[in-house]
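Here is the structure we will look at.
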Amino acid sequence: MKKFYFRNILMGMGMGTVLTSLIFIIYSAGISDSQISKEEVMERAKQYGMVLSSEVFSIPNEDGSMESKPDSKALAEEGKDGNDVTEEKEDELTKEIKVKIPPGSTSKIVAEDLFRKGLVDSAESFEALLYKMGLEGCIQIGEFAITRESEPGEIARVICGL
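Just add 33 to wherever you are in the sequence shown, counting from 1, and you've got this note's numbering.
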């Protein structure tokens, strides 16, 4: 009886192996053996927001601007009339500030840039607000015009495209 029982077990395992291999042969016949090329991988990665190291933009200046500094002579000529200076100060408080967010910027970099431009009180609190709102990964690239009177929540919605 032991021999008969052992023989049945071996036969069942053999038939299971053959049946499984037939199923995999039939299954793999319907699948094409195509691999994604490097260009297709790069294209899909760009769609998801990947940035190449060769495409890195210029680093912002100490004051947070990416533009060249204005001429001191031109500033002196503009400020000769006292009335113009007070009007310019009033306009500065209400004017829109351009914020450029390059690809690859993190929420920390954006918060520090907004702090340097005087739009938020502290970079850490703005970054915490982004995390609280769940928008730390939703920051859009591009250039945004933000007024100085904007609240941090409103600024977060603007730079996230909401």
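Each residue gets a CB set at the ideal place from its N, CA and C atoms; glycine is no exception.
Please read these numbers as outputs of a predicted model, since none were measured by experiment.
Which of helix, strand or coil DSSP assigns to residue i
{"i": "residue 187", "result": "helix"}
{"i": "residue 139", "result": "coil"}
{"i": "residue 131", "result": "strand"}
{"i": "residue 45", "result": "helix"}
{"i": "residue 179", "result": "strand"}
{"i": "residue 172", "result": "coil"}
Length of the line joining the Cα atoms of residue i and residue j
{"i": "residue 105", "j": "residue 141", "result": "Here the model assigns residue 105 a pLDDT of 43, short of 50, so the residue's position is not dependable, and the following value carries that caveat. Taking the straight line from one Cα to the other gives about 32 Å."}
{"i": "residue 183", "j": "residue 63", "result": "58 Å"}
{"i": "residue 41", "j": "residue 77", "result": "53 Å"}
{"i": "residue 82", "j": "residue 176", "result": "17 Å"}
Residue i burial status per 10 Å Cβ neighbour count (16 or more: buried)
{"i": "residue 172", "result": "buried"}
{"i": "residue 188", "result": "buried"}
{"i": "residue 73", "result": "exposed"}
{"i": "residue 157", "result": "exposed"}
{"i": "residue 57", "result": "exposed"}
{"i": "residue 39", "result": "exposed"}
Candidates the options: closest to residue i by CA position
{"i": "residue 181", "options": "83, 129 and 43", "result": "129"}
{"i": "residue 131", "options": "137, 154 and 147", "result": "147"}
{"i": "residue 153", "options": "164, 137 and 185", "result": "185"}
{"i": "residue 155", "options": "164, 144, 163 and 44", "result": "144"}
{"i": "residue 138", "options": "174, 37, 160 and 50", "result": "174"}
{"i": "residue 179", "options": "133, 46 and 60", "result": "133"}
Residue i: CB within 7 Å of a non-hydrogen atom of the ligand PLP
{"i": "residue 84", "result": "Although the ligand PLP was asked about, the structure shown includes no ligands whatsoever."}
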